[in-house]
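**Student:**
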Amino acid sequence: GGPHIGYDMVWPMSIMMKAFTSQNDAEIKTCIKMLMDTDADTGFMHESFHKDNPKKFTRAWFAWQNTLFGELILKLVNEGKVDLLNSIQ
Numbered sequence: 045g046g047p048h049i050g051y052d053m054v055w056p057m058s059i060m061m062k063a064f065t066s067q068n069d070a071e072i073k074t075c076i077k078m079l080m081d082t083d084a085d086t087g088f089m090h091e092s093f094h095k096d097n098p099k100k101f102t103r104a105w106f107a108w109q110n111t112l113f114g115e116l117i118l119k120l121v122n123e124g125k126v127d128l129l130n131s132i133q
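Position in the sequence shown (first residue = 1) + 44 = our numbering.
1) Which word fits Val54, buried or exposed, when buried means at least 16 other C-beta atoms lie within 10 angstroms of its C-beta?
2) Skipping 5 residues on each side, what residues in its chain have a beta carbon closer than 6 Å to that of Thr82?
3) Return the chain-ordered ranges of every beta strand (DSSP E) run that is complete within the segment 79–116 and spans a minimum of 3 residues.
4) Using the DSSP secondary-structure output, state which residues sit across from Val54 in a beta bridge.
5) Would you mind working out which of Ala104, Gln133 and Gln67 sits nearest Gly160, comparing C-alpha positions?
6) If you draw a straight line from the alpha carbon of Ile76 to that of Ile49, how long is it in whole angstroms?
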């Protein structure tokens, strides 16, 4: 987070960047699971979510985050990591 949204707010984009740049499947899986678990049951990524309560979020619709998440999934599919994606509960 930061001053404009609050220091207790997490940017999903930062988690996505970690997954984009990781070479470690366990770390990638952890990132994807975290992103899926913090969508506040909306099915969408948000600008940010509160570190202790993902149902407290900013921007119900934030195309940049949703598009970036889609790009991450496509990258993983193209890299042959479908089994990794399918293993996420």
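Cβ atoms here follow ideal geometry from the backbone N, Cα and C, with glycine treated the same way.
**Tutor:** On the basis of the supplied data:
1) The residue you call residue 54 lines up with position 10 of the sequence shown. The residue is buried, with at least 16 neighbouring Cβ atoms inside 10 Å.
2) Sequence index remark: in the sequence shown, residue 82 carries index 38 (1-based). Same-chain partners within the cutoff: Phe93 and Pro98.
3) 92–94
4) In the sequence shown, counting from the first residue as 1, residue 54 sits at position 10. In DSSP, Val54 forms a bridge with Phe93.
5) It is not possible to answer for residue 160, since the shown part of the chain is limited to 45 through 133.
6) One-based indexing of the sequence shown puts residue 76 at position 32. One-based indexing of the sequence shown puts residue 49 at position 5. Using only the alpha carbons, I get a separation of about 23 Å.
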